Structures are given as structure tokens and as C-alpha cells.
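Residue numbers (the working numbering): 1 to 310. Following: one structure in C-alpha cells, then a few remarks.
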């Protein structure tokens, strides 16, 4: 008997056509309302459950923040200790939030890649389970449940807009579309300038590694996407677009006013598409935006970003 999932079936909201420059009513899948604050609990929870069901007594995960708190939440729910390795770029308040959820937090390395290598080594040395934040088939299987839920609600949509970091969410959305007979529904993959590893890779026709992440949207800060994600556009219609940090912050503020929900700029990137790339959405009648959420936001941060960018 499989364990009950740790994530929630999140609400699906609908905007008025005049919400954005696209002039289209938008479906909003509100994964910002997951207990961990982001969509990450879908896949991370699924993978942690699998590991514990197969005998794991301790879990290690590397994360800039959102996968970390999802793993911490999962570990607490499953009754196993969790250690999250974060890079130095992870803000102090995010580290505190992860620790408050019950995980041990270690800071290692200047970037995610270094934190990740350390987490892998620690897990190996302790014979513990290692949970990758975006590159694992069970993660994608967990993230795919967001499409299952939208379909189960009977909502008709003809494209999906999502932010992309390492690409786990994109991989899950494509899997969800396939398993619901929606392989013709395109996905618009959004990154911010300065965190555009997928966009750069598709342009170069090979997986590139960014020299650094220079965007405010640090949750999108994977310097290289997973190989599976780089290959996805060969199997499924995926359009890669960019927005600026200014666009992402403006979308966060607009969304907070309209929906009374705070999201971080990594999520604001997807929300910005309906204004910044309105012409792209004009081809569709019922776009679905994955509101992925994120814990790296507060009223104070929104005020600071507004003063800095707008």
C-alpha cells in the first residue's frame, strides 16, 4: 500500500482577462500554498518517501532553499533526520526557516554545485540517502501531480507557463502532460536574465555551465540544467523565454495585490510572461501558470526589491 503523499492538492484560481497585457484569462495553479511554501514538496516528498520505504534512516540534500525546506518537512513527517547543505548565497533567514522545520543546516561552498558535491560525499560517508533537488525521475513523477490535479478539476488549458531553474519542475510538467494525453500542449519555460542556463544551452545546442548566477532570482540558480531537461525540447514542444529581474519583481508585487499571496522572484518570472511576452500568449486561449511559490520572500523583501528595481 503506497504512503499518502505529503503534498496538498493546491487550489486553482482564475484571473479576469484584464489582469495582464495578454488579455487572456489565466489559470493559476497555486503551489505557493504547499506546506513547504513551494511546489518542491511534490517531488522531494515523493523521493524522500521512496528512500524511507526502502530503508533510509537519514537523508542529505543540497539546496538553495526551497528543496531544502521541502526535504526538512518530509523528514519531519517521515520521522527521519535530514541534513541540508546550502551554499553561502543562501540568505540567513532562509537557513533559519529550514532549521526551524527540523533539519540540520550546513553551509558549504560559494555555489549550489559545491554544496551539492559536499552533500553527496556526506551521504556516501554516512551510508545515508542523498536526495537531489531537481535531477531524479521520482522527483519529476512527483511534480507531474500538479498537472494530474488540474486535469482532475476539469480545467481546459492550452499551454503551461513555468519558471525553470535546474529543470525538475519542467520535467515534471512534461511528464504530467504526457500521462494525461496532452503531449501537444506546449510549455513556456521562463528564466531570468542572469540565471538562464536552459536558454543558453538551447541557443548553443549543448549543455552549458553558467560562469555565475547574477539574477536576484537565486532559486533559479542552477548553473547547469539536468541532461534530461536539456533533451526535453526534442520530445515535447517547449519554448524558452527570458524576463528581467525588474519584470519578475513587478510581477510579484502585482500578484501580491491581486491574490494576497507572496511569491519570490523565481516564481514572479513565470507570472511576468503574461505582461512581458503578451504576444506569445496571444496564440492561446487558456494559459495555465504554475505559481511555484518559494520561501525567499517577505513583506520587507518585497519593499526592498520595489525600491531597488521599480
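Yeah, the Cβ is synthetic: ideal placement off N, Cα and C, and Gly gets one too. Here the structure is a predicted model, which means the values were calculated and not measured.
Simplified DSSP assignment, three categories, for residue i
i	result
residue 83	strand
residue 29	strand
residue 266	helix
residue 59	strand
residue 13	strand
residue 215	coil
residue 54	coil
residue 242	strand
residue 197	helix
residue 104	strand
residue 327	Any answer about residue 327 is impossible in this case: the structure gives the chain only from 1 up to 310.
residue 1	Residue placement at residue 1 is poorly supported in this model, since its pLDDT is 49, which falls under 50; the coordinates still yield a value, given next. Residue 1: coil per DSSP, three-state reduction.
residue 18	helix
Residue i burial status per 10 Å Cβ neighbour count (16 or more: buried)
i	result
residue 247	buried
residue 290	buried
residue 26	buried
residue 137	exposed
residue 34	buried
residue 214	exposed
residue 87	buried
residue 325	Past the edges of the chain, shown from 1 to 310, lies residue 325, and the structure says nothing about it.
residue 49	buried
residue 307	exposed
residue 262	buried
residue 40	buried
residue 4	exposed
residue 133	buried
residue 231	exposed
Residue span of the beta strand (DSSP E) that contains residue i, given as start and end
i	result
residue 192	187 to 192
residue 88	No beta strand (DSSP E) contains residue 88, which DSSP labels as neither H nor E.
Residues that residue i bridges to, as DSSP identifies them
i	result
residue 159	287
residue 293	38
Residue interval of the alpha helix (DSSP H) (run including residue i)
i	result
residue 170	168 to 179
residue 129	Taken as a continuous stretch (DSSP letters only), residue 129 belongs to no alpha helix (DSSP H), being part of the beta strand (DSSP E) at 129 to 131.
residue 148	145 to 152
Would you call the stretch 170 to 186 and the stretch 202 to 210 touching, i.e. three or more CB-CB distances under 8 Å?
-> no
Is the number of C-beta pairs between the stretch 84 to 99 and the stretch 57 to 73 that are closer than 8 Å three or more?
-> yes
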